[in-house]
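In my numbering, the protein residues as written are 2 to 355.
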């Protein structure tokens, strides 16, 4: 059996896609602070807290929530069968596998060109271009992400998602035999940071499984809508304790609570909703933003660091907000232009999302 999601649930999930991708951009934006020392007080401390709240707090729910929704959508209205699984694998190959190969091969070739030109060689980090001097096996490992992140760093998400999808027969068995036990085992590995493998990540396996389990039980991801006020209040308190109070041990609890808050918050974007309509339209741009934001974000940050000599907390904040915004808007423009002048090509590189 394979039935469609209720239209309202489908709409609500669609409204999440673009904000979550923007959140991913801000996660990566926080990896590079232009000349700023660790703050001890004053405006620098407030800027530091703001950056941490956005990139390490609010945005931290994005990746687990993407895996959760992916698992849910795979199993929603569907029961495992070899024929049905084969059909879904073919579909995911088109929407995930082919774009993964296209983008990683393209960036590998671009890095090879940049490595060959003296003017651009300095923009490459040693780790980023380590495979360039190797043989075919080194290139294959880099493109496939076999011993670390793939060439397009953020595509580790797609790599791990493909592995989680290949494990669907195991997830189907787990749904039938002690499903709560398997959730507890995966959750324990996540909380204890004791997952032994480099990939797939425990985040991918845990949250894909949880989403698939909710769908297999015929439940909705929005079953906690009624608890929204209490969830939001608890999340604000937890976020404050983690970011301002320095209680890093609360981070994973904050992610779980943040996921619930994000899902419940979509109830306010039900039709008719102008913002809900916008976010649903902008969802089509999500993959292009995801694919382009790195290494574009890092390149702009490094160029900015070379141009701007000296800094201040307020300049740090402006750059922190402005550079990701430019990257997101620019990526959306690229998607819009390609969809207009080369729609078939745009569909191939975005998995049919053009």
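A virtual CB, placed ideally from N, CA and C, is assigned to each residue, including glycine.
- With contacts defined as CB atoms closer than 8 Å, residue 215 and residue 207 fail to qualify as a contacting pair.
- As the crow flies, the alpha-carbon of residue 331 is around 12 Å from that of residue 339.
- Secondary structure at residue 196: coil, using DSSP grouped into helix, strand and coil.
- By the neighbour-count criterion, in which a residue is buried when 16 or more other Cβ atoms sit within 10 angstroms of its Cβ, residue 159 is buried.
- Here residue 79 carries a strand assignment [DSSP, helix/strand/coil].
- Annotation: residue 145 to residue 90 spans about 18 Å, alpha carbon to alpha carbon.
- Cβ neighbours of residue 284 within its own chain (closer than 6 Å, five residues either side excluded): 15, 18, 19.
- Distance from residue 31 to residue 56 at the Cβ level is roughly 3 Å; contact confirmed, criterion being Cβ atoms closer than 8 Å.
- A Cβ-Cβ separation of about 15 Å leaves residue 58 out of contact with residue 232 under the 8 Å criterion.
- Around the beta-carbon of residue 250, fewer than 16 other beta-carbon atoms lie within 10 Å, marking it exposed.
- Taken atom to atom, the span from the alpha-carbon of residue 301 to that of residue 82 is near 47 Å.
- For residue 297, the CB contacts under 6 Å within the same chain, skipping 5 residues up- and downstream, are 328 in chain order.
- Separation of residue 276 and residue 23 (C-alpha to C-alpha, rounded to the nearest whole angstrom) is 16 Å.
- Its chain contains 22, 329, 332 as the residues whose beta carbon lies nearer than 6 Å to that of residue 290, once the 5 sequence neighbours on both sides are disregarded; these appear in chain order.
- CA-to-CA, the gap between residue 353 and residue 94 works out to about 11 Å.
- Residue 183 counts as buried, since no fewer than 16 other beta carbons sit within 10 angstroms of its beta carbon.
- Straight-line spacing of the CA atoms in residue 269 and residue 324 works out to 29 Å.
- Assignment of residue 352 by DSSP, reduced to helix, strand and coil, places it in the coil class.
- Using a Cβ distance threshold of 8 Å, residue 103 and residue 334 do not count as a contacting pair.
- Excluding its 5 nearest sequence neighbours in each direction, residue 142 has C-beta neighbours in its own chain below 6 Å: 148, listed in chain order.
- If you look at residue 235, you'll find it in the alpha helix (DSSP H) that goes 229–244.
- If you draw a 10 Å sphere on the C-beta of residue 179, you find fewer than 16 other C-beta atoms in it, and that means exposed.
- If you draw a straight line from the Cα of residue 237 to the Cα of residue 138, it comes to about 48 Å.
- Taking a C-beta distance under 8 Å as the contact criterion, residue 211 and residue 203 do not qualify as a contact pair.
- Nearest in C-alpha terms to residue 200, of all of 217, 234, 165, 174, is 165.
- Apart from the 5 residues on each side of it in sequence, residue 45 sits with its Cβ closer than 6 Å to the Cβ of 314 in its chain, given in chain order.
- About 18 Å separates the beta carbons of residue 209 and residue 85, which is beyond the 8 Å limit, so they are not a contact pair.
- By the neighbour-count definition (other C-beta atoms within 10 Å, threshold 16), residue 47 is an exposed residue.
- With respect to residue 29, residue 294 sits close: the two C-beta atoms are nearer than 8 Å.
- Under the three-state reduction of DSSP, residue 347 is assigned to helix.
- Cβ-Cβ distances below 6 Å link residue 288 to 351, 354 in the same chain, with the five nearest sequence neighbours on each side left out; the list follows chain order.
- Contact between residue 168 and residue 77 does not hold, since their C-beta atoms are separated by about 18 Å, which reaches or exceeds 8 Å.
- In the three-state scheme derived from DSSP, where H, G and I count as helix and E and B as strand, residue 314 is classed as helix.
- Contact annotation: residue 256 and residue 69 have beta-carbon atoms that are not nearer than 8 Å.
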